[in-house]
Amino acid sequence: MTTPMPLRIAMMLESDGPGGAEMMVLRLSEELRREGHTIVPVGPAHGVGWLGDHFRRIGFTPEVFTLRRPIDPGCVRGLMKLFREHRIDAVHSHEFTMAVYGAAAAGLLNLPHVITMHGGVNVGKTLRRRVALRWAMRQSDHTVMVSRATQQQFAAGLGVDESFFGIVPNGVPIASGDAARVRAEFGIGEQDRVLLAVGNLEHHKGHEVMLRALAYLDSAGVDLSWKLIIAGGRGGDQYDSLTESIREKGLGERVRIVLNRNDIPDLLALADVFVMPSLWEGLPMAVLEAMVARKAIVATAIAGIPEAIVDGREGILVPPGDAAALGDALRALLTDPRRRAALGEAAADRANHEFTISVMARRYEGLYASAASERKRSTRRLLRPRDTGGARRRWALSEGGDRRLATQSAQTTSGRDQ
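For the record, in the sequence shown the residue sitting at position 83 is 83 according to my numbering, with numbers rising by one throughout.
Following this line, the structure appears as structure tokens:
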């Protein structure tokens, strides 16, 4: 296999708090750097700073963009300046805002541009956003979705054919955790069975459905010693309602909500069952991390999740919003250690072949290479000499990417004095 030429890549994301897209960008950048590429992370100037801090800790020097208003030509100019200063070869934009502004800045500099959309049912909620995203995709070399379900969702929302989008599933690193580092913090005894859910505290993550499922187990008289840890990422607007629900259901001694955790591998090592009760998703990173960690998984059969988990083979899938079905699936796994182990092994086997960070990085390298190749072919066509009226004109590209017409007088053999 031919080793790709090292590139200088601007890796751009509009948000910088704890979340799946942010972790994907961080991990993809690390893997591409290991392969010899230079990555320049670009995030919001006035964000929460979580992602930028993580980049700095592992040796990157992140840059920022400034967006002063929804339509801001100054942001485009700022990105162009940044690309020139860092001698960027390719731009990879994640999510709506950077897709649009990245397409504009990269296009003006004739740089390869790849878009990744991670999900979001509201991305096409207004005509202006639909028009803007369709324009950005037309200006870009590749537009990628993280799952087949996301591809279908965006095609329907934007009114375009599904073939307009490629699919590159998310990938996660193969990481080992240490349960001993967190066991005491959460008061986990030897007889306790640990449930773990990972996801921001937002309605679509379905945490309230999970609490109802656990209350259902208690009301059914199931004699199990369990504890639930909700690693709630950057938090969300459901924090207060979830806290109140835990209190009302009498689950306060067994359910903990924690935020901004950097030790998810340790929490996975502690867990017996991973729960993903989402009402809608793309292809969640948290599910893939649980698969790699050999965890028994109960998840909802929604969007991209069935693309990674076949019900009964790599995990148990239940209908979204169905607390009783979720409770029955949890009871089945909490009481059957052999089945937990079998599902965990099958999940890890599939994840190691299809959903690792290295597999994902190779796929994106191929997109960068094909985009760069196509841009070069287009430039050669633009620069092809033509003779007109005894003068040879050629298009030259300045260092900044602007086109200018350079005319060279051609000596003729007609014997005419110049």
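Beta carbons: idealized from backbone N, C-alpha and C, even for Gly. Computed from a predicted structure; not experimentally measured.
Within the same chain, show all residues whose beta-carbon is closer than 7 Å to that of residue i, passing over the 5 residues directly before and after it, in chain order.
{"i": "residue 104", "result": "76"}
{"i": "residue 16", "result": "22, 43, 44, 47, 48, 49, 50, 51, 52"}
{"i": "residue 345", "result": "294"}
{"i": "residue 216", "result": "323, 324, 327"}
{"i": "residue 158", "result": "124, 130, 133, 134"}
{"i": "residue 80", "result": "105, 108, 109"}
{"i": "residue 260", "result": "18, 234"}
{"i": "residue 264", "result": "198, 231, 289"}
{"i": "residue 141", "result": "112, 113, 114, 371, 374"}
{"i": "residue 213", "result": "323, 326, 327, 330"}
{"i": "residue 246", "result": "211, 252, 255"}
Would you say residue i and residue j are within 8 Å of each other, going by their C-beta atoms?
{"i": "residue 294", "j": "residue 348", "result": "yes"}
{"i": "residue 269", "j": "residue 179", "result": "yes"}
{"i": "residue 288", "j": "residue 220", "result": "no"}
{"i": "residue 133", "j": "residue 99", "result": "yes"}
{"i": "residue 198", "j": "residue 231", "result": "yes"}
{"i": "residue 279", "j": "residue 146", "result": "no"}
{"i": "residue 340", "j": "residue 273", "result": "yes"}
{"i": "residue 375", "j": "residue 112", "result": "yes"}
{"i": "residue 286", "j": "residue 20", "result": "yes"}
{"i": "residue 8", "j": "residue 87", "result": "yes"}
{"i": "residue 292", "j": "residue 174", "result": "yes"}
{"i": "residue 300", "j": "residue 317", "result": "yes"}
{"i": "residue 267", "j": "residue 196", "result": "yes"}
{"i": "residue 117", "j": "residue 85", "result": "no"}
Residue i: which of the options sits nearest, CA to CA?
{"i": "residue 97", "options": "111, 110, 66", "result": "66"}
{"i": "residue 206", "options": "169, 298, 189", "result": "298"}
{"i": "residue 189", "options": "271, 342, 58", "result": "271"}
{"i": "residue 208", "options": "277, 236, 84", "result": "277"}
{"i": "residue 187", "options": "246, 253, 141, 211", "result": "253"}
{"i": "residue 176", "options": "316, 200, 290", "result": "290"}
{"i": "residue 313", "options": "302, 321, 343", "result": "343"}
{"i": "residue 203", "options": "82, 320, 62", "result": "320"}
{"i": "residue 62", "options": "72, 173, 26, 95", "result": "26"}
{"i": "residue 59", "options": "29, 361, 149, 227", "result": "29"}
{"i": "residue 39", "options": "365, 316, 373", "result": "365"}
{"i": "residue 304", "options": "169, 368, 33, 69", "result": "169"}
{"i": "residue 148", "options": "302, 369, 266", "result": "302"}
{"i": "residue 119", "options": "377, 307, 281, 318", "result": "281"}
{"i": "residue 250", "options": "266, 227, 237, 181", "result": "227"}
{"i": "residue 54", "options": "236, 24, 308, 73", "result": "24"}
{"i": "residue 307", "options": "248, 95, 355, 70", "result": "355"}
{"i": "residue 78", "options": "64, 89, 69", "result": "64"}
Apart from the five residues just before and just after residue i, which ones in its own chain have a Cβ nearer than 6 Å to its Cβ?
{"i": "residue 191", "result": "225"}
{"i": "residue 6", "result": "36, 37"}
{"i": "residue 12", "result": "42, 93, 98, 102"}
{"i": "residue 107", "result": "139"}
{"i": "residue 257", "result": "230, 232"}
{"i": "residue 143", "result": "115, 137, 165"}
{"i": "residue 388", "result": "Note on residue 388: pLDDT 44, under 50, position unreliable in the model; the coordinate value appears next. Same-chain partners within the cutoff: there are none."}
{"i": "residue 239", "result": "201"}
{"i": "residue 33", "result": "39"}
Give me the DSSP bridge partner(s) of residue i.
{"i": "residue 63", "result": "42"}
{"i": "residue 145", "result": "117, 167"}
{"i": "residue 182", "result": "The partner list for residue 182 (beta bridge, DSSP) is empty, contrary to what the question assumes."}
{"i": "residue 28", "result": "DSSP, once it has assigned bridges, lists no residue as partnering residue 28."}
{"i": "residue 311", "result": "315"}
{"i": "residue 172", "result": "356"}
{"i": "residue 194", "result": "227"}
{"i": "residue 298", "result": "275, 316"}
{"i": "residue 8", "result": "38"}
{"i": "residue 326", "result": "In DSSP, residue 326 forms no bridge with anything."}
{"i": "residue 13", "result": "94"}
For residue i, collect the residues of the same chain with a Cβ closer than 8 Å to its Cβ; drop the 5 residues on either side in sequence, then sort them by chain order.
{"i": "residue 358", "result": "31, 171"}
{"i": "residue 242", "result": "201, 207, 208, 211, 230, 257"}
{"i": "residue 162", "result": "151, 152, 155"}
{"i": "residue 83", "result": "10, 91, 105, 106, 109, 111"}
Please confirm whether residue i has its beta-carbon closer than 8 Å to some beta-carbon of chain D.
{"i": "residue 263", "result": "Here there is only one protein chain, and chain D is not present."}
Report the start-end ranges of each alpha helix (DSSP H) in the segment 83-143 that is 4 residues or longer and not cut off at the edges. Listed in chain order, they are 95-108, 127-139.
Which ranges would you report for the beta strand (DSSP E) in the segment 199-267 if only whole runs of at least 3 residues count? The DSSP assignment places 226-231, 255-258 as complete runs of the beta strand (DSSP E) inside the segment 199-267, in order along the chain (cut-off: 3 residues).
Please list the segments of the beta strand (DSSP E) lying wholly inside the segment 264-289, counting only runs of 3 or more residues, in order along the chain. Entirely contained in the segment 264-289, the beta strand (DSSP E) runs reaching 3 residues are, in chain order, 273-276.
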